[in-house]
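**Student:** Sharing a structure here in structure tokens format.
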Amino acid sequence: MKYMLMMTAPRTMWTEYFSWPVEDLKAQVAFMHRFNDELKASGELVSTHGLSGPEETRVVRAGKNGAPEVTDGPFPETKEFLAGFWIIDCESKERAYAIAARASTAPGKGGVPSNMPIEVREVLSKAPVDL
Amino acid sequence: MTPEPAKATGENLLRELAPQVLGAVVRRFGDFSAAEDAVQEALLAAAMQWPREGVPANPRGWLIHVAARRMTDHLRAELARRRREAVAVTEMADEQIVSSPDEAAPERDDTLILLFMCCHPALTRPSAIALTLRAVGGLTTAEIANAFLVPEATMAQRISRAKKSIKTSGVPFRMPLQAERAERLGAVLHVLYLIFNEGYVSSIGPDLQRSDLANEAIRLTRAVHHRLPEDGEVAGLLALMLLTDARRKARTGPDGELIPLTTQDRTLWDREAIAEGVALLKETLSKGSVGAYQLQAAIAAVHDEAARAEDTDWAQILALYGLLERMSDNPMVKLNRAVAVAMVHGPAEGLKLLETVDADPRLAGHYRLDAVRGHLYEMAGDREAAIACYRKAAARTASAPERDYLTAQAARLGAECR
């Protein structure tokens, strides 16, 4: 079963992040590297990416004749932004939760676990069997 | 043992020889993990060379020879790496190492032994599936990765972990002891069933790569049946696969939409596969002991033998689900029986049976429960309740075509209400 694990963060995080002590930043980067390596080694990683911040976010809608209509972000009404995601392929929902919990222990400022929320969504598969 | 039908050519031939070659190499060198890599390399070499230079007179011997050479290279490298005295191996002439390629040896039960190994209970299901497809099915890592829609590196890792589990669990390369034979065979059949499901479930539209998994599962189950012709459950599983796969072309529409059994175009069903499945089933049922796969195959056969949906012998299906329920403690079976009860005794009886399933924690919140309930409410003429159930089920399923189907059901009833 495939799951998408979504790491969300408040908009303020992107600016705060730059004021973290260097060792805290390093600790978090190292943690993410280790975490991704673990998922690779267990044969469960499908893909993972971090995303650029809200300042670079644009919203696109189809305008006249389908031409792109681009609006600048960030958006005052939005509090939480998608910061990055993993797609994993694992044996059970429980395993997906365990992996998400591990991601949530990524160290934040001061090197303590951030316990950030990780949204877990099952990826829709193809048709089931009519046995 | 009778020889397998000589239909194999080209890629088929390679895939059928793969487990026999691997068996011979593991016997000689012991190291399963390295032997498996060596056989993969030999298969690749054959896939490159044979189309150009022709299939050798003794393809099995050729493959064993090439794989054994790779093994020797591997062992030499290993020895060098460990800075041990490599004299013992390097001084051995190649001829000595690869001279007796086991050509005259009977094929023994290597395919079976390998299946027992790859489907060992110590492995996780995804690992067992991946290793079985590679070591017994002769598929490449890239092909397996493609079939499961994961990157090749991820699948390679899964296979290598599976091999490590086998190594640490110390499973010997031989048939399991008689005392545990039945249980271990059960694990093998379950893995083959899962491979079939994976392929069958996703055999939609142009996605031929994945439907090949269903064919692969049928091929491997056929091989097991060939070696254990007296085993009723092996025959039952093969029959179940054939009888289910026979409906492949009819079960999805041009846009990949799900077409339920009752509205499928039955002229699209594969009559040949149905005939083979029914014959297999009849033969095995006449032998006495009945298992869960045989019963599921029997249910599939009743559906397949009805020329029109309304000709379906639901009373017989109901009786078969009753037997199946007594044999396997699976709440899904009860769900299916509820449909059969509704078809025979009316929807009210079916709904009553569903109430007893509600309490089962294994089904709590499962979309299938709401989908069946919606269907029975619709049969009973309670459109509002049916719509609510279909919507609930649509929101919960993790299958895109099923979600679309359930949403359409709710929309259709909603339009009728207005």
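Chains A and S supply the protein sequences, listed in that same order.
Read in my numbering, the first sequence has 98 at position 65, and its numbers run on one by one without any break.
Read in my numbering, the second sequence has 878 at position 230, and its numbers run on one by one without any break.
Cβ coordinates follow ideal geometry from the N, Cα and C atoms, glycine included.
1) Would you tell me roughly how many angstroms separate the C-alpha atoms of Asp855 of chain S and Asp903 of chain S, rounded to the nearest one?
2) Taking only three categories from DSSP, how would you classify His82 of chain A?
3) Taking 8 Å as the cut-off, decide whether the C-beta atoms of Ala694 of chain S and Leu670 of chain S are in contact.
4) Since Trp47 of chain A is in the alpha helix (DSSP H), which residue starts that stretch and which ends it?
5) Is there a Cβ of chain S sitting closer than 8 Å to that of Glu117 of chain A, yes or no?
6) Taking the beta carbon of Asn98 of chain A as the centre, do at least 16 other beta carbons fall within 10 Å, making it buried, or is it exposed?
7) With 16 as the cutoff for other CB atoms within 10 Å, does Asp742 of chain S come out buried or exposed?
8) Could you tell me the boundaries of the beta strand (DSSP E) in which Phe68 of chain A lies?
9) Shorter than 8 Å from the beta carbon of Ser1047 of chain S to some beta carbon of chain A?
10) Around the C-beta of Gln826 of chain S, are 16 or more other C-beta atoms found within 10 angstroms, so that it is buried, or is it exposed?
11) Apart from the five residues just before and just after Phe27 of chain A, which ones in its own chain have a Cβ nearer than 7 Å to its Cβ?
12) Within 10 angstroms of the Cβ of Ala752 of chain S, are there 16 or more other Cβ atoms? Answer buried if so, exposed if not.
13) Val981 of chain S CB to nearest chain A CB: under 8 Å?
14) Starting from the Cα of Ala835 of chain S, find the closest Cα among S:Met980, S:Val882, S:Arg870 and give me that residue.
15) Any C-beta of chain S within less than 9 Å: which residues of the stretch 75 to 102 of chain A qualify?
16) For Ala672 of chain S, would you say it is in contact with chain A, using Cβ-to-Cβ distances shorter than 8 Å as the test?
17) Is the beta carbon of Ala1017 of chain S less than 8 Å from the beta carbon of Val1005 of chain S?
18) Tell me, please, whether the CB atom of Asp70 of chain A is closer than 8 Å to any CB atom in chain S?
19) For a cutoff of 8 Å on Cβ pairs, would you count Ala705 of chain S as touching chain A?
20) Could you pull the start and end residues of the beta strand (DSSP E) that Arg94 of chain A belongs to?
21) Among the candidates S:Ala683, S:Thr789, S:Gln912, S:Glu846, whose CA atom is the shortest distance from the CA of Glu800 of chain S?
22) DSSP on Gly884 of chain S, reduced to helix/strand/coil?
23) Closer than 7 Å by beta-carbon distance: list the chain A residues that pair up with Pro774 of chain S, in chain order.
24) Can you confirm whether the stretch 950 to 957 of chain S touches the stretch 969 to 987 of chain S when touching is taken to mean that 3 or more C-beta pairs between the two stretches lie within less than 8 Å?
25) Select from the stretch 778 to 800 of chain S all residues with a C-beta closer than 9 Å to any C-beta belonging to chain A, and list them in chain order.
26) In the DSSP assignment, the alpha helix (DSSP H) including Leu763 of chain S goes from what residue to what residue?
27) Determine the closest residue to Arg676 of chain S out of S:Leu665, S:Ile814, S:Phe821, S:Glu659, with distance taken between C-alpha atoms.
28) Going by CA-CA distance only, name the one from S:Pro667, S:Asp685, S:Pro707, S:Thr911 that's closest to Thr631 of chain S.
29) If you follow the beta strand (DSSP E) that Asp122 of chain A is part of, which residue opens it and which one closes it?
30) Here's the rule: buried if 16 or more other CB atoms are within 10 angstroms of the residue's CB, otherwise exposed. What is Phe51 of chain A?
31) Of all Cβ atoms in chain S, is any one closer than 8 Å to the Cβ of Glu152 of chain A?
32) Could you give the distance in angstroms between the alpha-carbon of Gly925 of chain S and the alpha-carbon of Ala887 of chain S?
33) Rounded C-beta distance between Arg91 of chain A and Thr104 of chain A? I'm assuming under 8 Å.
34) Please report whether the beta-carbon of Gln942 of chain S lies at a distance below 8 Å from any beta-carbon of chain A.
35) Just to confirm, are Gly847 of chain S and Ala666 of chain S a CB contact at a threshold of 8 Å?
36) Nearest to Leu906 of chain S by alpha carbon, out of S:Glu1050, S:Val673, S:Arg724?
**Tutor:** In short, the structure shows the following:
1) In the second sequence, residue 855 of chain S corresponds to position 207, counting from 1. In the second sequence, residue 903 of chain S corresponds to position 255, counting from 1. Confidence at Asp855 of chain S is low in this model, with a pLDDT of 46, below 50, so its placement is unreliable and no value can be given for it.
2) Numbered from 1 along the first sequence, position 49 holds the residue referred to as residue 82 of chain A. Residue state, collapsed to three classes: strand.
3) Here residue 694 of chain S is taken as the residue at index 46 of the second sequence, counted from 1. Here residue 670 of chain S is taken as the residue at index 22 of the second sequence, counted from 1. No, they are not a contact pair.
4) One-based indexing of the first sequence puts residue 47 of chain A at position 14. Where Trp47 of chain A is concerned, the enclosing alpha helix (DSSP H) stretches over 45 to 49.
5) For this step, residue 117 of chain A is matched to residue 84 along the first sequence. Reading the sequence as shown, one finds Gly at residue 117 of chain A and not Glu. Chain S, which has no Cβ nearer than 8 Å to the Cβ of Gly117 of chain A, makes this no.
6) Locating residue 98 of chain A in the first sequence gives position 65, where the first residue counts as 1. Exposed.
7) Position 94 of the second sequence, counting from 1, holds the residue named residue 742 of chain S. Because Asp742 of chain S carries a pLDDT of 47, less than 50, the predicted location of this residue cannot be relied on, and the following value inherits that uncertainty. With fewer than 16 other Cβ atoms within 10 Å, it is exposed.
8) As a working note, residue 68 of chain A is residue 35 in the first sequence. Here Phe68 of chain A belongs to no beta strand (DSSP E); instead the alpha helix (DSSP H) covers 55 to 74.
9) Translated into positions along the second sequence, residue 1047 of chain S becomes position 399. Yes, its Cβ sits closer than 8 Å to a Cβ of chain A.
10) Walking along the second sequence from the start, residue 826 of chain S turns up at place 178. Looking at its Cβ environment, which holds fewer than 16 other Cβ atoms inside 10 Å, Gln826 of chain S is exposed.
11) No answer is possible for residue 27 of chain A: the residues shown for chain A start at 34 and end at 164.
12) Numbered from 1 along the second sequence, position 104 holds the residue referred to as residue 752 of chain S. Only weak support is given to the placement of Ala752 of chain S: the predicted model assigns it a pLDDT of 42, under 50, and the value that follows is read from those uncertain coordinates. Answer is exposed; the Cβ neighbour count stays below 16.
13) Taking the second sequence and counting its residues from 1, one reaches residue 981 of chain S at position 333. So no, Val981 of chain S is outside the interface.
14) For the purposes of this step, residue 835 of chain S is taken as residue 187 along the second sequence, with counting starting at 1. That would be S:Val882, whose Cα lies nearest to the Cα of Ala835 of chain S.
15) Ser75, Gly76, Glu77, Leu78, Val79, Ser80
16) Locating residue 672 of chain S in the second sequence gives position 24, where the first residue counts as 1. No, its Cβ sits nowhere closer than 8 Å to a Cβ of chain A.
17) Mapped onto the second sequence, residue 1017 of chain S falls at position 369. Mapped onto the second sequence, residue 1005 of chain S falls at position 357. It should be noted that the sequence gives Leu, not Ala, for residue 1017 of chain S. Against a cut-off of 8 Å, the Cβ pair of Val1005 of chain S and Leu1017 of chain S comes out as a contact.
18) Against the first sequence, residue 70 of chain A aligns to sequence position 37. Judged by the 8 Å Cβ criterion, Asp70 of chain A is not in contact with chain S.
19) Numbered from 1 along the second sequence, position 57 holds the residue referred to as residue 705 of chain S. No, no contact with chain A.
20) As a working note, residue 94 of chain A is residue 61 in the first sequence. Annotation for Arg94 of chain A: the continuous beta strand (DSSP E) segment containing it runs 91 to 95.
21) Residue mapping note: residue 800 of chain S aligns to position 152 of the second sequence, counting from 1. Closest option to Glu800 of chain S, Cα to Cα, is S:Thr789.
22) Along the second sequence, one-based indexing puts residue 884 of chain S at 236. Here Gly884 of chain S sits in helix by DSSP.
23) Here residue 774 of chain S refers to the residue found at position 126 of the second sequence. Contacts between Pro774 of chain S and chain A, judged by CB atoms closer than 7 Å, involve Glu124 in chain order.
24) no
25) Ala778, Phe796, Leu797, Val798, Pro799
26) In the second sequence, the residue the question calls residue 763 of chain S occupies position 115. Looking at the DSSP string, the run of the alpha helix (DSSP H) that includes Leu763 of chain S is 758 to 766.
27) The count along the second sequence starts at 1 and reaches residue 676 of chain S at position 28. Among S:Leu665, S:Ile814, S:Phe821, S:Glu659, the Cα nearest to that of Arg676 of chain S belongs to S:Phe821.
28) In the structure displayed, chain S extends from 649 to 1066; residue 631 of chain S sits before or after that span and is not available.
29) To locate residue 122 of chain A, count along the first sequence from 1; it is residue 89. Segment 113 to 122, the beta strand (DSSP E) holding Asp122 of chain A.
30) Indexing the first sequence from 1 puts residue 51 of chain A at position 18. Exposed.
31) Looking up residue 152 of chain A in the first sequence gives position 119. Not an interface residue.
32) Within the second sequence, residue 925 of chain S is the residue found at index 277, counting from 1. Within the second sequence, residue 887 of chain S is the residue found at index 239, counting from 1. Answer to the nearest angstrom: the Cα atoms are 4 Å apart.
33) Here residue 91 of chain A is taken as the residue at index 58 of the first sequence, counted from 1. Here residue 104 of chain A is taken as the residue at index 71 of the first sequence, counted from 1. Right, their Cβ atoms sit about 7 Å apart.
34) Here residue 942 of chain S refers to the residue found at position 294 of the second sequence. Interface flag for Gln942 of chain S against chain A is unset, since no Cβ pair is found closer than 8 Å.
35) Residue mapping note: residue 847 of chain S aligns to position 199 of the second sequence, counting from 1. Residue mapping note: residue 666 of chain S aligns to position 18 of the second sequence, counting from 1. The answer is no: Cβ separation not under 8 Å.
36) Sequence index remark: in the second sequence, residue 906 of chain S carries index 258 (1-based). Nearest neighbour of Leu906 of chain S by Cα position, chosen from S:Glu1050, S:Val673, S:Arg724, turns out to be S:Glu1050.
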